[in-house]
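Q:
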Amino acid sequence: MLAAGAHSRALALQAGDKVPLDTERGYHVEWDMPDPRLTRPTCPTTRGFYLCPMQGRLRVAGTVELGGLTAPPSPHRIAKLVKGARAIFPDLGAPSREWMGFRPSIPDSVPVIGPSSGGADVIHAYGHGHIGLTLAPITARLVTALVTGRAPELDLTPYLPTRF
Numbered sequence: 000m001l002a003a004g005a006h007s008r009a010l011a012l013q014a015g016d017k018v019p020l021d022t023e024r025g026y027h028v029e030w031d032m033p034d035p036r037l038t039r040p041t042c043p044t045t046r047g048f049y050l051c052p053m054q055g056r057l058r059v060a061g062t063v064e065l066g067g068l069t070a071p072p073s074p075h076r077i078a079k080l081v082k083g084a085r086a087i088f089p090d091l092g093a094p095s096r097e098w099m100g101f102r103p104s105i106p107d108s109v110p111v112i113g114p115s116s117g118g119a120d121v122i123h124a125y126g127h128g129h130i131g132l133t134l135a136p137i138t139a140r141l142v143t144a145l146v147t148g149r150a151p152e153l154d155l156t157p158y159l160p161t162r163f
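For the sequence shown, numbering that gives the first Met the number 0 gives the first residue as 0, with consecutive numbering after it.
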């Protein structure tokens, strides 16, 4: 099973599959906030980010870039989130935390699911980008079918690692 997220590209190559996986880097900032000012996630649409009340903190997220695994974080992404949050809550101090994470993304936005070109001993399941949690249940069903020798419920041709 090859499901190493943003690190899957090198492993796929070792299995004989050249997959154009890139890394979608998402950012968020958080402020500790024992008494949240919001009761539900809010998206000020003209600002391009989300305000997400969490238990004891406020998370502001919503910027992304393709940037690979080794490039340093982009400070202007964090600054944009902080500036946007302060436009709504002017009294916010410095953020308590800044974060950047990696999401495995494919140029055609279609995940890689299915056996390796070298055979069914290696099954690929990655490249879901920022909707990985949403697609996890169907991906798990498809992979389970492959592992147990049953026919998947979908034609996997559009998802195969050999499509590139």
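Built from N, CA and C at the ideal position, the CB exists for glycine as well.
Gly83 and Val59: beta carbons closer than 8 Å?
A: It is a contact, given that the beta carbons lie within the stated cut-off.
Q: Which of helix, strand or coil does DSSP assign to Ala3?
A: Ala3: coil per DSSP, three-state reduction.
Q: Which class does Ala11 belong to by DSSP, given the choice of helix, strand or coil?
A: In this structure, Ala11 counts as helix in the three-state DSSP scheme.
Q: Can you check which of these residues, Glu23, Trp30 and Asp90, is closest to Pro72 by C-alpha distance?
A: The residue with the shortest Cα to Cα distance from Pro72 is Glu23.
Q: So within the segment 105–155, which uninterrupted alpha helix (DSSP H) runs reach at least 4 residues, ignoring any that extend past its ends?
A: DSSP runs (the alpha helix (DSSP H)) wholly in the segment 105–155: 131–146.
Q: Where does Pro43 sit, in a helix, a strand or coil, going by DSSP?
A: Here Pro43 sits in coil by DSSP.
Q: Within the same chain, show all residues whose beta-carbon is closer than 7 Å to that of Ser115, passing over the 5 residues directly before and after it, in chain order.
A: The residues are Ala14, Gly15, Asp16, Val121, His123 and Pro160.
Q: What is the C-beta distance between Glu64 and Ile77, in whole angstroms, given that I count them as a contact (C-beta under 8 Å)?
A: About 12 Å; that fails the 8 Å criterion.
Q: For the putative contact between Tyr158 and Val111, defined by C-beta atoms under 8 Å, what is the C-beta separation to the nearest angstrom?
A: Confirmed, about 6 Å.
Q: Count the other CB atoms within 10 Å of the CB of Ser7; is the residue buried (16 or more) or exposed (fewer)?
A: Looking at its Cβ environment, which holds 16 or more other Cβ atoms inside 10 Å, Ser7 is buried.
Q: Is it right to say Arg102 is buried, meaning 16 or more other beta carbons lie within 10 angstroms of its own, or is it exposed?
A: Per the 10 Å Cβ criterion, buried.
Q: Considering only the alpha carbon of each residue, which of Gly118, His27, Leu20 and Asp21 lies closest to Phe48?
A: Nearest of Gly118, His27, Leu20 and Asp21 to Phe48, Cα basis: His27.
Q: Buried or exposed for Ile130, please, with buried defined as at least 16 other CB atoms from any protein chain shown within 10 angstroms of its CB.
A: Exposed is the call here.
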